[in-house]
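Please read the structure below before turning to the comments.
Protein chains: 2
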Amino acid sequence: MTRVRMILQYDGTGYEGWQRQLTGLGVQQVVEEEIERLTGEKTVVHASGRTDSGVHALAQVAHFDTASRIPPEKFAYALNAGLPRDIRVAYSDEAEGFHARFDVLKKHYRYRLQHSPHADPFTRNTALHVYGALDVEAMNEAARAILGQRDFAAFRASGIEPESTVRTIYESRWTDAGRLVTYDIAGSGFLYNMVRILAGTMAEIGMGRRGVSSMQKALASGLRSDAGPTAPAAGLVLTRVEYRNFDTKEFIPCQTYW
Amino acid sequence: MTRVRMILQYDGTGYEGWQRQLTGLGVQQVVEEEIERLTGEKTVVHASGRTDSGVHALAQVAHFDTASRIPPEKFAYALNAGLPRDIRVAYSDEAEGFHARFDVLKKHYRYRLQHSPHADPFTRNTALHVYGALDVEAMNEAARAILGQRDFAAFRASGIEPESTVRTIYESRWTDAGRLVTYDIAGSGFLYNMVRILAGTMAEIGMGRRGVSSMQKALASGLRSDAGPTAPAAGLVLTRVEYRNFDTKEFIPCQTYW
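Those protein sequence lines, which keep their order, are chains V and F. Quick note on our numbering: the first sequence kicks off at 4 and runs consecutively. Quick note on our numbering: the second sequence kicks off at 4 and runs consecutively.
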């Protein structure tokens with residue numbers, strides 16, 4: 004058996020997230036079915052982690068095992084010939100012993116606000132429209148408060164009980180590019196809905212609906228009710244995954260359009 | 004009657020172009036129906052020009068006349084409340100005596116190539132995917148050859164006979180941003196399919212399928228067969244329209260995402 008590693012890009016608009024749901028199609032299922040069509044083998048594709056319904060990926064990492072004689076680096080081309088246009092394999096190679104989920108060191112997400120009086124047709128599925136004054140400096144003050152190792156109990160979807168709610172955040176920064184205001188976060192891992200709740204809380208801080216100190220308060224209390232709303236899935240994209248000997252950044256050289 | 008001027012943005016993917024066709028919905032019709040829903044008046048919306056099926060607009064200019072008491076600058080908000088999310092009114096004002104089509108001084112279009120080994124899900128409806136070596140310098144040499152007042156008879160869709168095929172080109176330039184290679188053109192006006200045929204011809208020059216001199220040859224002969232293929236509509240966007248006293252550039256401050 005050969006272990007094949009892939010970098011996947013997908014527009015999550017038309018999918019119920021990475022994993023198959025009762026309500027609709029998952030990206031995982033579409034890729035697995037295309038591998039089966041190509042190789043005749045039923046296989047499981049393991050990703051670095053799940054993405055929610057409507058969330059996008061500029062660089063999701065996944066692996067699968069195959070007995071096929073297709074050279075691992077050719078799988079990208081072979082799969083793209085049959086995959087729908089909203090899912091692409093940007094890169095593939097052989098990676099003996101590699102595990103897409105267990106071996107993750109850092110994951111990077113981006114959340115985008117489209118900031119203008121009127122919504123924009125071209126970012127309607129990839130950014131959250133906001134209007135009015137936005138205090139990006141206050142948002143950045145709140146963003147800095149989560150750097151380092153913290154307990155993010157307040158920033159997880161209710162009803163889900165993970166073993167630990169402590170995570171390490173390496174990067175947390177808003178960039179104001181005028182019409183687009185972008186939040187970049189890198190961490191050891193993220194709780195369910197964590198990035199969207201963080202983005203929703205800081206968006207409210209930027210709009211003056213809550214103070215910068217509410218970030219500290221939620222971190223300290225661990226209460227979901229002290230954090231802000233969960234920002235819509237469409238604004239979120241998985242931008243990069245880092246492993247000890249593999250970094251998607253090297254294979255997706257330019258993201259000027261995002 | 005009040006003349007209302009608008010800047011429209013639309014993702015042309017789901018439409019048969021600006022004008023209604025037998026085969027499907029036009030952007031014009033959708034906007035006219037929303038005005039009627041709002042004011043009770045049947046009206047005609049005049050644009051700076053038609054865009055083809057699948058072609059986009061970052062800034063299309065249009066006007067209409069109304070007896071409604073809605074303040075002209077509020078029409079943008081009122082119409083956006085009912086328009087589909089792929090059409091937005093970015094700006095509206097009163098413009099006595101203004102005509103969106105007759106008064107045009109310059110129009111600007113952009114054509115985008117998405118240049119990488121694999122197609123990109125996020126630009127699948129807004130750029131043409133190309134792979135392999137691309138000689139952007141040669142493309143720019145060809146682009147410069149059309150500057151000034153020229154006869155573009157070779158660069159128009161066959162079967163259509165305009166009064167004159169002479170147009171003035173003010174800007175014609177390719178920019179290589181790595182994953183996106185972008186062509187910007189500004190002119191006094193354009194023949195039917197002219198920008199797409201120019202882009203298709205220069206893309207072939209960039210890929211080494213034809214020489215830079217073929218541009219000069221087609222200009223000189225006026226024969227459609229001397230020019231290259233018509234590039235797909237999805238890569239084309241109307242980016243700016245200039246009038247004597249009105250320029251859409253002032254109202255769309257940032258296009259970082261395009």
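Where is the CB? At the ideal position from N, CA and C, for every residue including glycine.
Residue i versus residue j - alpha carbon distance
i, j, result
"Glu140/F", "Val48/F", "41 Å"
"Thr69/V", "Asp179/F", "39 Å"
"Ser119/V", "Phe158/V", "28 Å"
"Val184/F", "Ile73/V", "32 Å"
"Thr233/F", "Arg199/V", "43 Å"
"Ser217/V", "Met142/V", "11 Å"
"Arg176/V", "Gln219/V", "16 Å"
"Phe155/V", "Arg147/V", "14 Å"
"Arg153/F", "Ala237/F", "26 Å"
"Met205/V", "Ala145/V", "7 Å"
"Gly43/V", "Gln32/V", "15 Å"
"Arg247/F", "Glu39/F", "30 Å"
"Val82/F", "Arg182/F", "It should be pointed out that residue 82/F corresponds to Leu in this sequence rather than to Val. Roughly 36 Å separates the two Cα atoms."
"Val133/V", "Gln117/V", "6 Å"
"Glu166/F", "Leu194/F", "11 Å"
"Asn196/V", "Ile255/V", "25 Å"
"Thr54/F", "Tyr18/F", "10 Å"
"Val270/F", "Ala160/F", "This structure leaves residue 270/F out entirely; chain F is present only between 4 and 261."
"Phe78/V", "Ser95/V", "6 Å"
"Ala223/V", "Asp229/V", "10 Å"
Contacts around residue i, its chain only, beta-carbon distance under 8 Å, and the 5 residues preceding and following it disregarded
i, result
"Gly192/V", "Gly52, Val107, Lys110, Arg170"
"His102/V", "His49, His66"
"Tyr13/F", "Val30, His59, Ala60, Gln63, Asp89, Ile90, Arg91"
"Asp123/V", "Gln117, Ala130, His132, Arg182"
Own chain residues within Cβ distance below 6 Å of residue i, not counting five before or after
i, result
"Glu207/V", "Arg213, Gly231"
"Val34/F", "Val48"
"Met4/F", "Asp68, Ala70"
"Ala202/V", "Tyr114, Tyr186, Ala234"
"Ala189/V", "Lys109, His111, Tyr173, Glu174"
"Thr16/F", "Asn128"
"Leu150/F", "Ile172, Ser175"
"Arg8/F", "His66, Asp96, Ala98, Phe101"
Other residues of its chain near residue i: CB distance less than 7 Å, five sequence neighbours each side excluded
i, result
"Glu99/V", "Arg6"
"Glu245/V", "Leu108, Lys109"
"Gly209/F", "Leu137, Asp138, Val139, Ala141, Met142"
"Thr251/V", "Ile10, Ala62, Val64, Arg243, Val244"
"Leu25/V", "none"
Three-state class that DSSP yields for residue i in the structure shown
i, result
"Arg170/V", "strand"
"Phe254/F", "coil"
"Arg159/V", "coil"
"Phe67/F", "strand"
"Thr42/F", "helix"
"Glu19/F", "coil"
"Arg227/V", "helix"
"Leu222/V", "helix"
"Tyr13/V", "strand"
"Gly27/V", "strand"
"Ala62/V", "strand"
"Leu239/V", "strand"
"Ala79/F", "helix"
"Val244/F", "strand"
"Val7/F", "strand"
Chain-ordered chain C contacts of residue i [CB-CB under 7 Å]
i, result
"Pro124/F", "No chain C appears in the structure shown, which is made up of the protein chains V and F."
Residue i beta carbon near the ligand NAP (any heavy atom closer than 7 Å)
i, result
"Phe193/V", "Judged by which ligands are present, the structure shown has none, so any question about the ligand NAP falls away."
Which full runs of the alpha helix (DSSP H) of 4+ residues lie inside the segment 172-217 of chain V, going along the chain? 197-209
Secondary structure, beta strand (DSSP E): runs of 3+ residues fully inside the segment 91-149 of chain V: 109-118, 131-133
Please name the residues in the segment 81-108 of chain F whose beta-carbon is closer than 7 Å to at least one beta-carbon of chain V, in chain order. Asn83, Arg88, Asp89, Ile90, Arg91, Val92, Ala93
What residues in the segment 12-40 of chain F have a beta carbon less than 7 Å from any beta carbon of chain V? Gln12, Tyr13, Asp14
Check each residue of the segment 230-249 of chain F: if its Cβ is closer than 7 Å to any Cβ of chain V, include it; give the result in chain order. none
Counting only Cβ-Cβ distances shorter than 9 Å, please list the residues of the segment 123-154 of chain F near chain V, keeping chain order. Asp123, Pro124, Phe125, Thr126, Arg127, Asn128, Thr129, Ala130
Can you give me, in chain order, the residues of the segment 61-81 of chain F that have a beta carbon less than 7 Å from any beta carbon in chain V? Ala79
Quick one, which residues of the segment 41-56 of chain F are near chain V if we go by CB-CB under 8 Å, in chain order? none
Closer than 9 Å between beta carbons: that is the criterion. Which residues of the segment 111-122 of chain V meet it against chain F? Arg115, Gln117, Ser119, Pro120, His121, Ala122
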